[in-house]
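**Q** Mind having a look at this structure? Questions to follow.
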Amino acid sequence: MSQSNMFILMVIIPLILSQSTRGKDCVCELQSSDPAFPENKLLNVEFTVSQCNGNITSEKMTEIDSLVLGLQQRIWQLLDNVSMLEKEDNGNLYAAVSLRIIELELVEIQDLLNKLNRTTNKYQLLSEQTSAELQDMEETMEELEKFDHTQVMLKQRENQRIKRDLARCKDVLNSRCGLGRMVNVSGPRTYSLTVYGTSYTFGAWGRDANPAPGEENKYWLVVLSSSNVHGNFIRQYGTLSTLILGIGPTDTYISSSNPTTNTIQGPNMVMYGNALYYNCYNTYSVCQFNMATRAVSTVALPNDAGYNNKFPFAHLGTTYSYTDMDFATDESGVYVIYASTSNFGNVIISKVETSNPPVLSQTWSTSLHKKTVTNTFMVCGVLYATRYVDKEIEEIFYTYDTKTNEERYDLRIHIKKMQTNIKYMNYNPRDHLLYVYSDAYIVTYETMFQEVQ
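Printed below as a string of structure tokens:
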């Protein structure tokens, strides 16, 4: 039975029943008070869906990713070859051969760029066409649904929503907080400039740690466009590839000017439950910006909490301006990490309940002085802190377990840096990656754990 016939069977048509007798037979005449079901419209929708399935395949969806990764690998290889050439350039034949190899690699890289541009333009056009077709199909299905007098479709959607809620509850119950202790960080897995180039060296990026249904694949990016200190909008992309290429962004503004009340101050922020959490402009308060309603709610830290560069992240070579508050996500929610005068400038961890307005709940005080730290992040209720070693290495050296209150200063987990300073770092419990913003570059690293015996 075709889908169109099944749909028609689900539609219960109000009937007017009349009865008459003809000889020995009883004859019933049925008259419908509704117009005839427009089967041709449903058939057109099915045809359009079939076309979309043929035009948008999993291979096509990953083609740009493959091209970008291939391009990155070729560029890294080119950099290695150029570095080798610089060391051996003494005018001999070997150097001349190396130069010719580099020239050939540049030609191949240009070919890849041309292919990437062609593919990007083709998919952008396909995206626009598909968007228009989806809009038409949605309007048609809304029209057809008026024939569903017993609300079969409405009940199906409600069942689907309940199934999604149950699946999310199951994910929470089975959250992988049995990861054990972190033993290594590998990568980088992603390393790229954004569409802004090297213009903005302070910023943040990542994925929503608790996305709404349908928003799972989105990536967000915030650059501090005012003096490397303040930001007033969040840019979102549909995929990692579109973020790297700068295609099809959606900008959501907190305010029209920058800086002003409730705009972002400092590079530390996280996205959780379709809301951005960050340090409110010129205050010791946590701001919660709802991406859907564009409303801002706040909760104040203790009045002796540091802000405006009182207790920023730092190392001997520099201070990371306006990093008094750090924000982190893990398997259980959102945290704010800060310091206060009453705790002698040492790190404090507070859980942020993601209600509206947000509320600070449990708080833990540590012995770790905040100005000796360059970044922090949370995994399964454990705070990890990093410090600057040199231009190439950042080290995870400290943990604080909020379940046992145990502190350790003996970790020696090295992170290979691609740029000198890491201005932002956060762990995402969905993919177990560290998202890093480092001197205008966006970077990801893989985390590795070992079960505790």
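Throughout the sequence shown, residue numbering follows mature numbering (1 follows the signal peptide of the UniProt record, and there is no 0), covering -23 to -1, 1 to 430 in sequence.
Cβ atoms here follow ideal geometry from the backbone N, Cα and C, with glycine treated the same way.
Please report the residue range of the alpha helix (DSSP H) in which S27 lies.
**A** Indexing the sequence shown from 1 puts residue 27 at position 50. Element bounds for S27: 16 to 32.
**Q** Of the residues N58, T216, E116, E120, which one's Cα is nearest the Cα of L198?
**A** The residue labelled residue 198 in the question sits at position 221 within the sequence shown. Ranking N58, T216, E116, E120 by Cα distance to L198 puts T216 first.
**Q** Within 10 angstroms of the Cβ of D88, are there 16 or more other Cβ atoms? Answer buried if so, exposed if not.
**A** If you number the sequence shown from 1, residue 88 lands on position 111. Classification for D88: exposed.
**Q** Helix, strand or coil for V311? Go by DSSP, reduced to three states.
**A** Within the sequence shown, residue 311 is the residue found at index 334, counting from 1. Looking at V311 - three-state DSSP - the assignment turns out to be strand.
**Q** Y414: buried (16+ other C-beta within 10 angstroms of its C-beta) or exposed?
**A** Taking the first residue of the sequence shown as 1, we reach residue 414 at position 437. By the neighbour-count rule (16 or more Cβ atoms within 10 Å), Y414 is buried.
**Q** How close, in whole Å, do the beta carbons of Y422 and P165 come, if the pair is a contact with beta carbons under 8 Å?
**A** Locating residue 422 in the sequence shown gives position 445, counting from the first residue. Locating residue 165 in the sequence shown gives position 188, counting from the first residue. Yes, they are in contact, since the Cβ atoms of Y422 and P165 sit about 6 Å apart, within 8 Å.
**Q** Tell me the residue span of the beta strand (DSSP E) that contains I390.
**A** Position 413 of the sequence shown, counted from the start, is the residue given in the question as residue 390. First-last of the beta strand (DSSP E) with I390: 390 to 393.
**Q** How about V350 and F290: do their beta carbons lie closer than 7 Å?
**A** Here residue 350 refers to the residue found at position 373 of the sequence shown. Here residue 290 refers to the residue found at position 313 of the sequence shown. A contact, by the Cβ cut-off of 7 Å.
**Q** With a threshold of 6 Å, establish whether the CB of A186 neighbours any heavy atom of the ligand HEM.
**A** As presented, the structure is devoid of all ligands, the ligand HEM included, so that no description of it is given.
**Q** Exposed or buried, what is H207 when buried is set at 16 or more other beta-carbons lying within 10 Å of its beta-carbon?
**A** Along the sequence shown, read from residue 1 onward, the residue named residue 207 stands at position 230. It counts as buried.
**Q** So is P(-10) buried or exposed if we call it buried at 16+ other beta carbons inside 10 Å?
**A** Residue mapping note: residue -10 aligns to position 14 of the sequence shown, counting from 1. The predicted position of P(-10) is uncertain, since its pLDDT is 44 and thus under 50; no value can be drawn from it.
**Q** Which word fits K328, buried or exposed, when buried means at least 16 other C-beta atoms lie within 10 angstroms of its C-beta?
**A** Along the sequence shown, one-based indexing puts residue 328 at 351. K328 should be labelled buried.
**Q** Run the CB neighbour count on C257, radius 10 Å, all protein chains shown included, and call it buried at 16 or more, exposed below.
**A** Here residue 257 corresponds to residue number 280 of the sequence shown, with the count starting at 1. Label assigned to C257: buried.
**Q** According to the Cβ coordinates, are T178 and D416 closer than 7 Å?
**A** As a first step, residue 178 must be located in the sequence shown, where it is residue number 201. As a first step, residue 416 must be located in the sequence shown, where it is residue number 439. Yes, these two residues count as a Cβ contact at 7 Å.
**Q** Short of 7 Å in beta carbon distance, which residues of its chain neighbour S(-22), apart from the five on each side in sequence? Order them along the chain.
**A** Residue -22 sits at position 2 when you count from the first residue of the sequence shown. Interpretation of S(-22) is limited by its pLDDT of 49, a score under 50 that renders its predicted location unreliable; no figure is taken from the coordinates.
**Q** Are the CB atoms of P344 and N323 nearer to each other than 7 Å?
**A** Counting from one through the sequence shown, the residue named residue 344 turns up at place 367. Counting from one through the sequence shown, the residue named residue 323 turns up at place 346. According to the sequence displayed, residue 344 carries Ser and not Pro. For S344 and N323, yes; Cβs fall inside 7 Å.
**Q** Can you give me the start and stop residues for the beta strand (DSSP E) that I399 sits inside?
**A** Counting from one through the sequence shown, the residue named residue 399 turns up at place 422. Element bounds for I399: n/a, residue is neither H nor E.
**Q** Starting from S274, trace the beta strand (DSSP E) both ways and give me its first and last residue.
**A** Along the sequence shown, one-based indexing puts residue 274 at 297. Residues 273 to 277.
**Q** Between the region 184 to 194 and the region 224 to 242, can you find at least three pairs of beta-carbon atoms closer than 8 Å?
**A** No: fewer than three Cβ pairs fall under 8 Å.
**Q** Since I86 and R51 should fall inside the 8 Å C-beta cutoff, what is the C-beta to C-beta distance between them, to a whole number of angstroms?
**A** Numbered from its first residue, the sequence shown carries residue 86 at position 109. Numbered from its first residue, the sequence shown carries residue 51 at position 74. Rounded, the Cβ-Cβ distance is 5 Å, consistent with contact.
**Q** Would the beta-carbon of T306 fall within 7 Å of that of A109?
**A** Position 329 of the sequence shown, counted from the first residue, corresponds to residue 306. Position 132 of the sequence shown, counted from the first residue, corresponds to residue 109. Going by C-beta atoms, T306 is not nearer than 7 Å to A109.
**Q** In the DSSP assignment, what residue or residues form a beta bridge with G208?
**A** The sequence position of residue 208 within the sequence shown is 231, counting from 1. DSSP lists I241 as partners of G208.
**Q** In the DSSP assignment, find the unbroken beta strand (DSSP E) run with T343 in it and report its ends.
**A** Start at 1 with the first residue of the sequence shown, and residue 343 comes out as number 366. 336 to 346 is the span of the beta strand (DSSP E), which, as asked, contains T343.
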